[in-house]
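Asks: Just so you know, UniProt numbering puts 406 at position 406 of the sequence shown, and the rest follows in order with no gaps. All C-beta atoms, glycine included, are put in the ideal place defined by N, C-alpha and C. Being a predicted model, the structure only gives us computed values, none of them experimental.
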Amino acid sequence: MTKLQGRELYESIGSPKRIVAPMVDQSELAWRILSRRYGATLCYTPMFHARLFATSEKYRQDMWGEWDGDAGKDRPLVVQFCANDPEYLLQAAKHVVGKCDAVDLNLGCPQGIARKGNYGSFLMENWDLIYKLINKLHTELDVPVTAKIRVFEDREKTLEYAKMVLSAGAQFLTVHGRTREMKGQKTGLADWSIIKYLRDNLPQDTVFFANGNILYPDDISRCLTEIGCDAVMSAEGNLYNPGVFVDAEEDLKRQFPRVDHILREYYEIVKDCPGNASKIAMKSHIFKVLRPFLEVHTDIRQEVAKMNTKYRFDDVERVVKLVEATVEEIFAKPDIEQLDVITAGDKQLWGGSYKKVPYWRCQPYFRPVNGVSGDKRVTEALKSQNEPLKSQNEPLKSQNEPLTSQNEPQLSNHLPHNKRPLQPDNEQQTKRPKQSI
1 MTKLQGRELY ESIGSPKRIV APMVDQSELA WRILSRRYGA TLCYTPMFHA
51 RLFATSEKYR QDMWGEWDGD AGKDRPLVVQ FCANDPEYLL QAAKHVVGKC
101 DAVDLNLGCP QGIARKGNYG SFLMENWDLI YKLINKLHTE LDVPVTAKIR
151 VFEDREKTLE YAKMVLSAGA QFLTVHGRTR EMKGQKTGLA DWSIIKYLRD
201 NLPQDTVFFA NGNILYPDDI SRCLTEIGCD AVMSAEGNLY NPGVFVDAEE
251 DLKRQFPRVD HILREYYEIV KDCPGNASKI AMKSHIFKVL RPFLEVHTDI
301 RQEVAKMNTK YRFDDVERVV KLVEATVEEI FAKPDIEQLD VITAGDKQLW
351 GGSYKKVPYW RCQPYFRPVN GVSGDKRVTE ALKSQNEPLK SQNEPLKSQN
401 EPLTSQNEPQ LSNHLPHNKR PLQPDNEQQT KRPKQSI
């Protein structure tokens with residue numbers, strides 16, 4: 001069968017506009033199913049370690065289950081790998097042929113674990129290797145290859161970089177509008193202008209996705225219009241509010257769903273999913289979707305925090321019922337119609353506007369940075385020439401020491417699922433113990 005390419009491939013999967021980003025231990029099967037129900041039209045898997053996926057049956061079983069890539073439940077789907085060895089990458093990718101629509105090479109991870117493992121954005125200077133990795137899949141794999149990149153400070157260099165990635169055989173190009181250095185306290189706003197520059201100067205038939213600064217559904221519409229991209233990808237915006245992918249013309253209360261409704265729906269999906277990946281990710285997802293709610297109802301936060309590696313579904317059911325009962329009490333108030341209102345503020349310097357959302361509804365999370373928190377963070381940052389701030393888009397990864405040798409990719413989710421401790425979110429993803437492989 002002829003392998004579809006470029007625009008033909010994009011149209012064959014429905015010309016998706018709203019994409020769940022690849023996120024370590026976060027864009028797993030159950031979350032993808034939930035996100036699709038709320039408007040996502042294409043999903044990426046978490047980033048998988050190519051060498052381990054190629055050589056370890058146990059790792060594959062932990063990461064890739066019976067329903068992953070199922071035609072009726074989990075498509076269209078792109079499977080993402082980190083790699084620095086073309087042969088291992090090809091071997092890994094062959095295991096998912098027939099269960100995905102494309103395989104993506106991660107060229108964007110900026111974390112220390114990627115630097116030590118020599119993958120992700122730390123390949124940005126090694127164009128020869130990047131070309132070989134992509135071209136290996138392009139010429140020898142039965143499904144198409146795509147790539148997700150970050151930008152350089154120099155936009156002309158970024159353009160040449162993007163052209164090289166495309167010339168190697170990438171059929172979709174996703175551009176995250178931040179440099180490799182923009183992470184943690186230096187994250188800052190994604191630069192839509194450089195994303196637009198690339199879109200305007202690459203061949204017009206390039207299938208082009210934009211990533212960065214997506215807080216609300218109307219940000220997706222604005223991004224599509226301002227950049228002229230084919231689709232918009234969201235990471236943290238989706239994690240804190242799955243409704244971010246709901247069409248901006250739909251009911252506001254579907255764009256910002258009640259936390260009790262989301263929690264119950266997500267929990268029921270996890271119970272049905274085979275394998276361990278979705279169950280292991282559940283605690284982190286619960287903390288994120290309930291974040292504003294738990295700041296008020298600290299007693300329930302304590303109940304979530306008690307969930308450990310040996311938690312049972314009964315423990316989760318107890319938390320879900322506590323949340324449901326508490327939100328029902330809120331909606332029993334006589335003035336709930338006046339309380340349960342979502343309002344938009346004035347247009348901000350970055351082009352969008354903030355919304356005031358009741359704490360019992362899912363909503364984006366604004367991290368305090370350098371003493372600035374809440375809605376003021378972007379405005380003050382722009383007024384002070386982009387003072388570092390923490391964006392809504394980039395998922396946090398753990399900063400563990402290397403788990404393998406320095407010349408191969410290392411990934412924080414190498415450990416078997418039953419060896420990973422689950423801890424409160426505390427503004428970071430779950431950290432894992434060091435372990436040699």
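Select from Lys73, Phe172 and Met23 the residue whose C-alpha is nearest the C-alpha of Arg36.
Replies: By one-based count along the sequence shown, residue 36 stands at place 36. Minimum Cα distance to Arg36 is reached at Lys73.
Asks: Roughly how many angstroms separate the alpha carbons of Leu189 and Leu34, rounded to a whole number?
Replies: To locate residue 189, count along the sequence shown from 1; it is residue 189. To locate residue 34, count along the sequence shown from 1; it is residue 34. Computed Cα separation, rounded: 27 Å.
Asks: For the pair the segment 135 to 143 and the segment 162 to 172, tell me if three or more CB-CB distances fall below 8 Å.
Replies: yes
Asks: Out of Ile19, Ala114 and Lys321, which one is the CA nearest neighbour of Arg180?
Replies: The residue labelled residue 180 in the question sits at position 180 within the sequence shown. Nearest of Ile19, Ala114 and Lys321 to Arg180, Cα basis: Ala114.
Asks: When we look at the beta-carbon of residue 465 and count the other beta-carbons within 10 Å, is it buried (16 or more) or exposed?
Replies: Here the chain comprises residues numbered 1 to 437, so residue 465 is not present and cannot be evaluated.
Asks: In whole angstroms, give me the CA-to-CA distance for residue 449 and Asn276.
Replies: No statement about residue 449 is possible, as the shown extent of the chain runs from 1 to 437 and does not include it.
Asks: Evaluate the contact criterion for the segment 38 to 58 versus the segment 227 to 245: three or more CB pairs, one atom per stretch, below 8 Å.
Replies: yes
Asks: Thr343 and Lys355: beta carbons closer than 8 Å?
Replies: Within the sequence shown, numbered from 1, the residue matching residue 343 stands at position 343. Within the sequence shown, numbered from 1, the residue matching residue 355 stands at position 355. Yes, the Cβ-Cβ distance between Thr343 and Lys355 is below 8 Å.
Asks: Going by other Cβ atoms of all chains shown within 10 Å of its Cβ, with 16 needed for buried, is Phe245 buried or exposed?
Replies: Position 245 of the sequence shown, counted from the start, is the residue given in the question as residue 245. Buried.
Asks: Where Val207 and Val151 are concerned, what is the direct C-alpha to C-alpha distance, given to the nearest angstrom?
Replies: Taking the first residue of the sequence shown as 1, we reach residue 207 at position 207. Taking the first residue of the sequence shown as 1, we reach residue 151 at position 151. If you take the alpha carbons of Val207 and Val151, they lie about 17 Å apart.
Asks: Tell me which same chain residues have a C-beta within less than 7 Å of the C-beta of Lys279, skipping the five on either side of it?
Replies: For the purposes of this step, residue 279 is taken as residue 279 along the sequence shown, with counting starting at 1. Correct list, in chain order: Val270.
Asks: Hey, Arg178 and Gly212: beta-carbon distance below 8 Å or not?
Replies: Within the sequence shown, the letter at position 178 stands for residue 178. Within the sequence shown, the letter at position 212 stands for residue 212. Going by C-beta atoms, Arg178 is nearer than 8 Å to Gly212.
Asks: The alpha helix (DSSP H) spanning Arg75 covers which residue range?
Replies: Here residue 75 refers to the residue found at position 75 of the sequence shown. Where Arg75 is concerned, there is no enclosing alpha helix (DSSP H), given that its DSSP letter is neither H nor E.
Asks: Starting from the C-beta of Leu4, find all residues in its chain whose C-beta is less than 7 Å away, skip the five residues before and the five after it, and write them out in chain order.
Replies: The residue labelled residue 4 in the question sits at position 4 within the sequence shown. Closer than 7 Å at Cβ, skipping near neighbours: Ser12 and Pro144.
Asks: Would you mind listing the beta strand (DSSP E) stretches within the segment 289 to 363 that are 3+ residues and don't spill past its ends, in chain order?
Replies: You should have 343 to 347 and 353 to 356.
Asks: Between which residues of its own chain and Phe331 is the CB-CB distance below 6 Å, once the five residues before and five after are set aside?
Replies: As a working note, residue 331 is residue 331 in the sequence shown. Excluding sequence neighbours, Phe331 sits near nothing in its chain.
Asks: Could you pull the start and end residues of the beta strand (DSSP E) that Ala231 belongs to?
Replies: Here residue 231 refers to the residue found at position 231 of the sequence shown. It spans Ala231 to Ser234 - the beta strand (DSSP E) in which Ala231 sits, taken as one unbroken run.
Asks: Give me the residue from Glu249, Asp219 and Ala147 with the minimum Cα distance to Ser121.
Replies: On the sequence shown, position 121 is the one that residue 121 refers to. Of Glu249, Asp219 and Ala147, the residue nearest in Cα terms is Ala147.
Asks: When burial is assigned at 16 or more other CB atoms within 10 Å of the CB, is Ile286 buried or exposed?
Replies: Counted from its first residue, the sequence shown places residue 286 at position 286. Buried: at least 16 other Cβ atoms inside 10 Å.
Asks: Does the Cβ-Cβ distance between Phe209 and Met233 come in under 8 Å?
Replies: Along the sequence shown, one-based indexing puts residue 209 at 209. Along the sequence shown, one-based indexing puts residue 233 at 233. Taking 8 Å as the Cβ cut-off, Phe209 and Met233 qualify as a contacting pair.
Asks: Please list, in chain order, all residues of the same chain as His297 whose beta carbon is under 7 Å from its beta carbon, the five residues on each side excluded.
Replies: Residue numbering aside, residue 297 sits at position 297 when the sequence shown is read from its first letter. Counting only Cβ-Cβ distances below 7 Å, and skipping sequence neighbours, we find Thr326.
Asks: Tell me the DSSP bridge mates of Asp104?
Replies: Position 104 of the sequence shown, counted from the start, is the residue given in the question as residue 104. Answer by DSSP bridge pairing, in chain order: Gln80 and Thr146.
Asks: Can you grab the Cα-Cα spacing for the pair Gln338 / Asp85, in whole Å?
Replies: The residue given as residue 338 occupies position 338 in the sequence shown. The residue given as residue 85 occupies position 85 in the sequence shown. Looking at the two C-alpha atoms, the distance is approximately 58 Å.
Asks: Since His95 is in the beta strand (DSSP E), which residue starts that stretch and which ends it?
Replies: Along the sequence shown, one-based indexing puts residue 95 at 95. That residue, His95, is in no beta strand (DSSP E); it is neither H nor E in DSSP.
Asks: To which residues of the same chain is Lys17 closer than 8 Å at the C-beta, ignoring the five residues directly before and after it?
Replies: In the sequence shown, the residue the question calls residue 17 occupies position 17. So the list reads Thr41, Ile220, Leu224, Asp230, Ala231 and Val232, once near-sequence residues are dropped.
Asks: What does the alpha-carbon distance come out to for the pair Ser353 and Asp340?
Replies: Residue 353 sits at position 353 when you count from the first residue of the sequence shown. Residue 340 sits at position 340 when you count from the first residue of the sequence shown. Approximately 19 Å, taken between the alpha carbons.
Asks: Name the one or two DSSP bridge partners that Ala210 has.
Replies: Counting from one through the sequence shown, the residue named residue 210 turns up at place 210. The partner list for Ala210 (beta bridge, DSSP) reads Val175 and Val232.
Asks: Determine the extent of the beta strand (DSSP E) in which Met47 is found, giving its start and end residues.
Replies: Counted from its first residue, the sequence shown places residue 47 at position 47. Taken as a continuous stretch (DSSP letters only), the beta strand (DSSP E) holding Met47 covers Leu42 to His49.
Asks: Note the first and the last residue of the continuous beta strand (DSSP E) segment covering Arg258.
Replies: By 1-based counting over the sequence shown, the position of residue 258 is 258. Here Arg258 belongs to no beta strand (DSSP E), and DSSP marks it neither H nor E.
Asks: Tell me Val20's beta-bridge partners as DSSP assigns them.
Replies: As a working mapping, residue 20 is identified with position 20 in the sequence shown. Cys43 and Ser234.
Asks: Answer yes or no: do Leu130 and Val175 have a C-beta to C-beta separation smaller than 8 Å?
Replies: The residue given as residue 130 occupies position 130 in the sequence shown. The residue given as residue 175 occupies position 175 in the sequence shown. In the sequence as presented, Leu is not what sits at residue 130; that position holds Ile. No; because the gap between Cβ atoms is not below 8 Å, this pair is not in contact.
Asks: Does the beta-carbon of Phe313 have 16 or more other beta-carbons within 10 angstroms, so that it is buried, or is it exposed?
Replies: Indexing the sequence shown from 1 puts residue 313 at position 313. By the neighbour-count rule (16 or more Cβ atoms within 10 Å), Phe313 is not buried but exposed.
Asks: Where do the N-terminal and C-terminal ends of the alpha helix (DSSP H) with Ile13 fall, by residue?
Replies: Counted from its first residue, the sequence shown places residue 13 at position 13. Note, Ile13: premise wrong, no alpha helix (DSSP H); not H, not E.
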